[in-house]
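According to our numbering, the sequence shown is numbered sequentially starting from 58.
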Amino acid sequence: MGRIILSRAAAKDLVCFGVVALAAAPLRAQDTLPRRLPPVVVTRDKARSPLDLPYAISSVRPDSVAPGQPHTMPEQTLFLLPGLTVSNRNNPSQDARISIRGFGARSQFGVRSLRVLRDGMPLTMPDGQTPIDYLDIESVGSVETIRGSASSLYGNASGGVIDLRSAPPPTAPLAAQLRMWGGSNAARRDALLLGGTTRFGWYQGNVGATTSDGSRDYSRQELNNAFLRAGTEVAGTQITLTGMGLDMPMALNPGALTRVQFDTNPTIADPLSISKRARKAAHQTQIGMAAQRALGAGELHAQVYGAGRSLNNPLTFAIVGIDRRTSGGSARATLPLQAVGLRHRVTAGLDAQRLSDARKNWANCNAVATPTASCPTLPVERGNLTLDQRETVVSFGSYVRDEIERGRVRLTLGVRGDNTTFRVADRFTSDGRDDSGERTMKAISPMSGVSVSITPDHSVYATASTAFETPTTTELANQPTGIAGINQSLDPQYSTTFEVGTRGRVFDRLEFDFAMFATGVRDELIPFDIGSGRVAYQNAGRTRRRGAEGAVSTTAGPVTLNATYTYSDFAFTNFVSGTTQLAGKTIPGIPKHQVQFSAAWRHRHGFALVEWLAKDKIWVNDANLAAAPGYALVNWRAGSNGFFGLSWLSPVVAVQNVLDRTYVASVAVNAAGTVTSGKFYEPGPGRTWYVGLTAATGNW
């Protein structure tokens with residue numbers, strides 16, 4: 058699988074990590090390690106043991122495994138999930154890049170190639186894109202991921218699945234928490250949480266306000282978000298309401314840097330982003346209702362949901378305005394059966410989604426000194442209208458899955474069919490072109506897998522699965538040739554994955570999860586800059602991905618140790634860019650090696666935690682002409698469960714990037730320009746700190 062080559066600085070960090078962990082080990086306290094191999098529900102079914110499932114699936118409880126989080130950094134919430142990489146762009150106007158086995162690493166906006174859910178409610182739109190700026194993580198109790206192709210269950214853009222599950226509501230009729238955070242770069246977050254359980258049902262919710270100047274120039278952010286979840290039972294049917302909302306009036310865009318700019322001063326912003334006042338203001342709400350009812354020994358589940366979003370997004374090359382409406386629904390039935398002497402568990406379901414965007418573009422007239430044809434009236438920011446169109450995407454999918462059990466062997470067979478239609482109605486034809494058009498894309502996604510129970514606490518599995526991903530409407534519209542209409546030559550990408558793995562626990566305290574996989578992708582969607590900040594897409598011929606993932610965790614008295622390793626050997630096997638054959642080149646945007654460690658010491662009066670993260674270098678373009686260097690970071694947190702003898706008052710102090718490393722947290726893949734002029738590099742913050750204080754009426 059190759060060797061991990063650590064720099065001298067990374068090796069020094071690892072030694073520091075080990076010293077802290079060993080120093081904590083002899084201390085005695087309560088063992089608060091969560092129960093091993095907790096059930097997972099990300100499989101579109103009731104809670105199941107991961108030992109029964111024939112594919113890589115992981116679950117982590119962020120605040121239990123890694124306490125002291127301010128719930129503003131997705132890389133903390135998603136820490137210790139093997140196969141998953143988070144590249145925080147440290148740009149409040151652009152979401153963090155989240156990828157699983159390389160799927161999603163090229164995303165320009167939001168999350169691509171992955172399905173994201175909140176308590177089972179889809180957040181991913183029918184074109185496969187997921188904005189996560191409105192994803193409130195204050196009350197996330199667990200994160201469950203399918204680390205591989207999952208289109209047989211979830212359809213479009215299912216190179217992996219992330220389901221964020223809420224923590225259980227308090228058992229008291231009314232419980233409240235007030236959380237306050239402050240730290241470097243004028244960062245502040247205040248959050249109020251309420252929850253309770255009564256004879257009529259249960260409820261939980263939170264509201265929060267966050268402000269920060271950011272670690273770079275021109276990166277201020279102001280946002281308010283909220284989350285609500287409530288449930289009750291009516292005539293034997295469990296009914297759950299989920300809602301979330303975002304009001305983000307300001308998110309400045311510092312842009313990416315050239316290598317010279319990064320080496321000179323990684324805290325600066327791209328001068329063009331400043332002069333053109335690049336930024337984002339967004340408002341979004343989403344509400345869903347789900348119903349679940351027993352069906353004999355099986356169950357019925359149905360849900361409906363809808364969302365609205367408005368966006369004002371001045372970019373360096375244009376100003377984009379979007380008024381979005383999305384809606385959807387799903388239904389599924391699960392029924393155990395006995396046939397041919399075998400036990401079957403059959404699940405069948407339907408999904409439907411609709412996206413409608415009213416999109417407008419204007420010329421960006423900031424930094425325009427004298428009136429022009431595009432900017433006739435100064436100093437008005439919005440110049441002439443350049444685009445006005447209605448974009449709709451409608452998708453339908455149906456699936457069936459059969460789990461067959463005989464003794465220690467479980468065989469799973471499944472297939473799903475999807476139909477996705479894209480329509481564009483151009484309302485701005487005075488420019489002499491009509492971009493109206495329609496395309497329909499279809500896919501059949503089968504899977505098969507087998508899981509064998511070696512012991513009650515140990516299983517092995519093998520699976521073959523598939524995934525597909527359509528282009529988004531924007532990707533279909535940005536044609537590299539500049540001609541009008543929808544790109545008729547840009548096709549979905551398709552992938553097939555073969556995987557083997559094992560998981561379980563030994564010696565009652567050591568939990569493990571190992572997997573190896575090989576994925577072949579044809580017609581991979583590849584972005585490239587076509588100038589003026591605009592990105593177009595093309596299909597690569599073929600790529601191959603080989604990798605391995607491992608996770609182990611254990612306890613030693615009051616100390617919990619966790620480690621994950623991700624190996625990613627991803628390359629083009631047939632891809633002609635222009636006239637250059639790039640076969641054999643590494644797929645950019647993904648580190649070949651990633652290692653995560655954590656050691657947490659817990660006492661009934663508090664905790665201490667140290668984390669170590671190391672990533673290999675990351676190529677910035679398809680030709681592998683330049684790379685962002687690898688890096689290693691150390692983070693530290695400590696907190697108390699009682700302050701000045703007050704059990705309801707809990708302080709936290711934390712330092713991120715303890716050793717003040719300078720590093721590239723994310724790269725803009727295939728940015729325009731040469732190796733020296735291309736703005737590929739998105740710097741990470743240096744040493745930062747934060748403190749927090751929680752006041753609570755009782756335990757949650």
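Glycine included, each C-beta is placed from N, C-alpha and C at the ideal position.
Beta-carbon spacing of GLU739, ARG146 below 7 Å: Going by C-beta atoms, GLU739 is nearer than 7 Å to ARG146.
Touching by the beta-carbon criterion (3+ pairs, under 8 Å), the region 433-447 and the region 174-193: Flag = no, the region 433-447 and the region 174-193 do not touch.
Neighbour-count burial assignment, ASP176, 16 or more Cβ in a 10 Å radius: It counts as buried.
ILE331 in three-state terms, based on DSSP: Looking at ILE331 - three-state DSSP - the assignment turns out to be helix.
For THR643 and GLY398, the rounded distance between their alpha carbons: When the Cα atoms are used, GLY398 and THR643 turn out to be separated by approximately 49 Å.
Beta-bridge pairing of MET39 - partner residues as DSSP gives them: The requested residue 39 is not part of the displayed model; the chain covers only 58 to 757.
Own chain, CB closer than 6 Å to ARG560, minus 5 neighbours either side, in chain order: Closer than 6 Å at Cβ, skipping near neighbours: ASP570.
Assumed close pair ALA338, SER276 - CB separation to whole angstroms, cut-off 8 Å: About 15 Å separates the two Cβ atoms, so there is no contact after all.
Expected contact under 8 Å - CB spacing of ARG389 and ALA405 to nearest Å: Contact flag correct, Cβ pair sits at about 7 Å.
PRO119, DSSP secondary structure in three states: Correct three-state label for PRO119: helix.
Reduced DSSP secondary structure (H/G/I, E/B, other) of LEU533: In the displayed model, LEU533 falls within a helix according to three-state DSSP.
PRO513, buried or exposed, once every other Cβ within 10 Å from all chains shown has been counted against 16: In this structure PRO513 is exposed. Its beta-carbon is surrounded by fewer than 16 other beta-carbon atoms within 10 angstroms.
Any 3 or more C-beta pairs closer than 8 Å across the region 526-533 and the region 475-486: With the rule of 3 Cβ pairs closer than 8 Å, the region 526-533 counts as touching the region 475-486.
Span of the alpha helix (DSSP H), counted from its first residue to its last, around PRO131: Run containing PRO131: 131-134, per the alpha helix (DSSP H) assignment.
Same chain, Cβ closer than 6 Å to GLY378, neighbours up to 5 away in sequence not counted: The beta carbon of GLY378 sits closer than 6 Å to the beta carbons of ASN369 and LYS417 from its chain, once the five residues preceding and following it are set aside; these are given in chain order.
Of the listed residues PHE700, ARG101, LEU703 and ALA628, nearest to HIS358 (C-alpha basis): For HIS358, the nearest C-alpha among the options comes from ARG101.
Cβ neighbour criterion (16 or more within 10 Å) applied to ASN544: Per the 10 Å Cβ criterion, buried.
C-alpha gap between ALA752 and GLY730, whole angstroms: If I take the Cα positions, the gap works out to 52 Å.
Integer Cβ distance of PHE485 from LEU533, believed to fall under 8 Å: Not really, about 17 Å apart at Cβ, beyond 8 Å.
Cα-Cα separation between GLY312 and LYS674, rounded to whole angstroms: Going by the C-alpha atoms only, they are around 21 Å apart.
Spatial neighbours of VAL173 in its chain, beta-carbon cut-off 6 Å, leaving aside the 5 residues before and after: Excluding residues within five positions, the ones whose Cβ falls inside 6 Å are LEU180, THR181, THR187 and ILE219.
Beta-bridge partners of GLN34, as assigned by DSSP: Look at the range of the chain in this structure, 58 to 757, and you will see that residue 34 is not part of it.
Beta-carbon proximity of MET659 to THR611, cut-off 7 Å: Here residue 659 turns out to be Arg, not Met, going by the sequence shown. Contact: no.
Length of the line joining the Cα atoms of ALA683 and VAL726: Distance from the CA of ALA683 to the CA of VAL726, rounded to the nearest whole angstrom, comes to 11 Å.
Coil, strand or helix - TYR211 by DSSP: DSSP places TYR211 in helix when its eight states are reduced to three.
Candidates ASN310, ASP414, SER734 and MET237, of which the one nearest THR383 by Cα: Per the Cα distances, ASP414.
DSSP beta-bridge partners of HIS128: BP columns for HIS128 are empty, so no partner.
Whole-angstrom distance between ILE194 and SER330, CA atom to CA atom: Going by C-alpha positions, SER330 is about 29 Å away from ILE194.
Buried/exposed call for LEU79, threshold 16 Cβ in 10 Å: In this prediction, LEU79 has a pLDDT of 33, which is less than 50 and means its spatial position is unreliable; what the coordinates show is noted afterwards. Exposed, because fewer than 16 other Cβ atoms sit within 10 Å of the Cβ of LEU79.
Beta-carbon proximity list for PRO306, same chain, < 7 Å, skipping 5 on both sides: These residues qualify, in order along the chain: GLU279 and ALA338.
Per-residue burial, LYS333 [other beta carbons within 10 Å of its own, 16 or more giving buried]: Buried, since its Cβ has 16 or more Cβ neighbours within 10 Å.
Close beta carbons around SER144, own chain, < 7 Å, minus the five adjacent residues each side: Within the same chain, and ignoring the five residues on either side of SER144 in sequence, the residues whose Cβ sits closer than 7 Å to its Cβ are ALA153, ARG154, ALA722 and SER723.
Neighbourhood of PRO139 by C-beta distance below 6 Å, restricted to the same chain and skipping five residues each side: Contacts found: GLU606, ALA608, THR621 and THR623.
According to DSSP, residues forming a beta bridge with THR623: Paired residues: GLU606 and GLN651.
Local conformation of LEU138 per DSSP, three classes: Three-state result, LEU138: coil.
Beta-carbon proximity check, GLY271 vs ASN282, cutoff 7 Å: No, they are not a contact pair.
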